[in-house]
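Peer 1: Numbered by the working numbering, the letters in the sequence shown go through residues 7 to 189 in order. Dropping a structure here in structure tokens format, bear with me for questions.
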Amino acid sequence: MSRFSFDNTMADEVVKIAQSSIATLKDSLRTSADPTDRYFSTIYLVGVITPLSCIVVKEETLPLLRAEAVASWKEAVQLLQEIARDFDLARRLLQRFHGVIKMADFIIVSQSNGTNFTNQSALPDLPNEVPNGNGDDGAAQGLNEHPHLLFPLSHLPTPAGNDQPFGGGGMAFDSDYWMSTTW
């Protein structure tokens with residue numbers, strides 16, 4: 007999927023599987039007291055967000071299919087952000103997928119002229135950039151600005167430096183980089 011070599015039939019199947027997975031994860035998290043559920047939910051959500059992001063950003067995706075993918079993508083990101091409030095693995099994976107989520111969100115907003123999903127006040131903000139230590143573009147990214155992050159951001163590379171352009175408008179999406187990077 008990350009190479010965008012899928013058709014709308016496959017994308018439709020992926021969206022259906024994602025919708026079913028998200029519903030199952032929500033039910034599991036609401037009804038279970040088992041602490042390992044957060045771990046498995048986090049892993050499955052990343053597995054849902056990745057292909058949904060590819061469907062959202064692919065230009066040839068049918069509009070109705072894209073709308074379903076966007077709704078599922080938002081639900082999955084929101085659920086991962088909720089888990090990340092008190093679960094370190096979810097926070098770290100959310101951080102790693104920052105570039106993927108940011109790009110998909112940018113495309114969703116540009117296509118809908120809607121509100122930026124990842125900056126809604128009810129959810130923890132995703133850092134826009136990683137602090138660079140010089141006090142200008144990364145100044146607002148410290149722990150004071152992002153209390154849901156319980157680890158420093160300074161050791162992570164800036165995602166935009168490794169993205170490759172695709173399509174028009176100077177947009178970039180390099181899921182291979184995000185999936186293979188070990189920090």
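Yeah, the Cβ is synthetic: ideal placement off N, Cα and C, and Gly gets one too. Bear in mind that the values here come from a model prediction, so they are computed numbers and not experimental data.
Do three or more CB pairs link the region 84-98 to the region 62-69 at distances below 8 angstroms?
Peer 2: These segments do not touch.
Peer 1: Within a Cβ cutoff of 6 angstroms, which residues of the same chain sit near V20, ignoring the five residues on either side of it in sequence?
Peer 2: Walking along the sequence shown from the start, residue 20 turns up at place 14. Same-chain partners within the cutoff: P57.
Peer 1: Do you know how far the Cα of R72 is from the Cα of K22?
Peer 2: Along the sequence shown, read from residue 1 onward, the residue named residue 22 stands at position 16. Along the sequence shown, read from residue 1 onward, the residue named residue 72 stands at position 66. In a straight line, the C-alpha of K22 is about 12 angstroms away from that of R72.
Peer 1: DSSP three-state label for A17, please.
Peer 2: As a position in the sequence shown, residue 17 is number 11, starting the count at 1. In this structure, A17 counts as helix in the three-state DSSP scheme.
Peer 1: Threshold first: 3 residues or longer. Then list the beta strand (DSSP E) segments lying entirely within the region 49-79, N to C.
Peer 2: Counting whole runs of 3 or more residues, the region 49-79 contains no beta strand (DSSP E) stretch at all.
Peer 1: Should L95 and T48 be called a contact, given that it needs their Cβ atoms to be closer than 7 angstroms?
Peer 2: One-based indexing of the sequence shown puts residue 95 at position 89. One-based indexing of the sequence shown puts residue 48 at position 42. Yes, the Cβ-Cβ distance between L95 and T48 is below 7 angstroms.
Peer 1: Buried or exposed: which applies to A39, given that a residue is buried once 16 or more other Cβ atoms fall within 10 Å of its Cβ?
Peer 2: Walking along the sequence shown from the start, residue 39 turns up at place 33. Per the 10 Å Cβ criterion, exposed.
Peer 1: Measuring only the C-alpha atoms, how far is E74 from L99?
Peer 2: Indexing the sequence shown from 1 puts residue 74 at position 68. Indexing the sequence shown from 1 puts residue 99 at position 93. One C-alpha to the other measures close to 24 angstroms.
Peer 1: Please report the residue range of the alpha helix (DSSP H) in which S38 lies.
Peer 2: As a position in the sequence shown, residue 38 is number 32, starting the count at 1. Taken as a continuous stretch (DSSP letters only), S38 belongs to no alpha helix (DSSP H), as it is neither H nor E.
Peer 1: Rounded to whole angstroms, what's the CA-CA distance from M16 to I89? Just pull it up for me.
Peer 2: Against the sequence shown, residue 16 aligns to sequence position 10. Against the sequence shown, residue 89 aligns to sequence position 83. Their backbone Cα atoms lie some 29 angstroms apart in a straight line.
Peer 1: If we ignore side chains and look at the alpha-carbon of each, how far apart do D13 and L51 end up?
Peer 2: Translated into the one-based positions of the sequence shown, residue 13 becomes position 7. Translated into the one-based positions of the sequence shown, residue 51 becomes position 45. If I take the Cα positions, the gap works out to 22 angstroms.
Peer 1: Can you give me the C-alpha to C-alpha distance between A77 and T42, rounded to a whole angstrom?
Peer 2: Residue 77 sits at position 71 when you count from the first residue of the sequence shown. Residue 42 sits at position 36 when you count from the first residue of the sequence shown. Going from the Cα of A77 to the Cα of T42 covers about 27 angstroms.
Peer 1: Given a threshold of 16 other Cβ atoms within 10 Å of its Cβ, counted over all protein chains shown, does S59 qualify as buried or as exposed?
Peer 2: Here residue 59 corresponds to residue number 53 of the sequence shown, with the count starting at 1. Buried, because 16 or more other Cβ atoms sit within 10 Å of the Cβ of S59.
Peer 1: Give the DSSP-derived three-state secondary structure of S11 in the structure shown.
Peer 2: As a first step, residue 11 must be located in the sequence shown, where it is residue number 5. It is coil, neither helix nor strand.
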